[in-house]
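If you count by this note's numbering, then the sequence shown holds residues 44 to 168, one letter each, in order. Virtual Cβ for every residue (Gly too), placed ideally from N, Cα, C.
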Amino acid sequence: MAKFANVDDYIAALPENLREVATALRPIVNAALPGSIEAMYHASPTWSAGEAVGKNLVCLMKAYSSYVTFALWKGQLVDDESGRLEASAREMAHVKLRSVEDIDAALFTGWLKQARDLEITAAAR
Numbered sequence: 044m045a046k047f048a049n050v051d052d053y054i055a056a057l058p059e060n061l062r063e064v065a066t067a068l069r070p071i072v073n074a075a076l077p078g079s080i081e082a083m084y085h086a087s088p089t090w091s092a093g094e095a096v097g098k099n100l101v102c103l104m105k106a107y108s109s110y111v112t113f114a115l116w117k118g119q120l121v122d123d124e125s126g127r128l129e130a131s132a133r134e135m136a137h138v139k140l141r142s143v144e145d146i147d148a149a150l151f152t153g154w155l156k157q158a159r160d161l162e163i164t165a166a167a168r
């Protein structure tokens, strides 16, 4: 993907099916992480724990050709009774979203709050 100045531009450039997923996911993340900082990092939309905690990244979304990845930086440490999170690099874990129906707002909110708390704990050390 090209380099985008902000998350709005990133989402607007996505193909319609992926734009629908990203558009549905974004308000869930923003609601679950009040005070977070939404920004582009390594060409992907990211959310940090907020100014009070520093720039510890909590999650990201990244579009591929047929899905949007929703990843948590410390996702492997998050309690996931659903079994939907897949391990990624380091402590990260992700879920692939192929349609809006793959989004579970309550589940994702729980993951996000756990991931934010892990980042806050890490920043306090």
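Checklist entry - How many Å lie between C102 and R141 at the Cα? => result Those two C-alpha atoms are separated by around 18 Å.
Next on the checklist: For S108, tell me which candidate among L61, E144 and A130 has the shortest Cα-Cα distance.
Outcome noted: L61
Next on the checklist: Classify V138: buried if its beta carbon has 16 or more other beta carbons within 10 angstroms, exposed otherwise.
Outcome noted: Under this definition V138 is a buried residue.
Checklist entry - Anyone know if the C-beta pair for K105 and S125 falls short of 8 Å? => result no
Next on the checklist: Helix, strand or coil for N60? Go by DSSP, reduced to three states.
Outcome noted: helix
Item to check | Exposure label - Y84; buried when at least 16 CB within 10 Å | outcome: exposed
Checklist entry - What does a CB cutoff of less than 6 Å around A74 pick up in its chain, not counting 5 residues either side in sequence? => result Excluding positions up to five away in sequence, the list is empty.
Checklist entry - L57 to D160, Cα distance in whole Å? => result 31 Å
Next on the checklist: I'd like the list of long-range same chain contacts for G93, defined as Cβ closer than 7 Å, with 5 residues on each side in sequence excluded.
Outcome noted: G78, S79 and I80
Next on the checklist: What does the Cβ neighbour count give for T89, buried or exposed, with the cut at 16 atoms within 10 Å?
Outcome noted: buried
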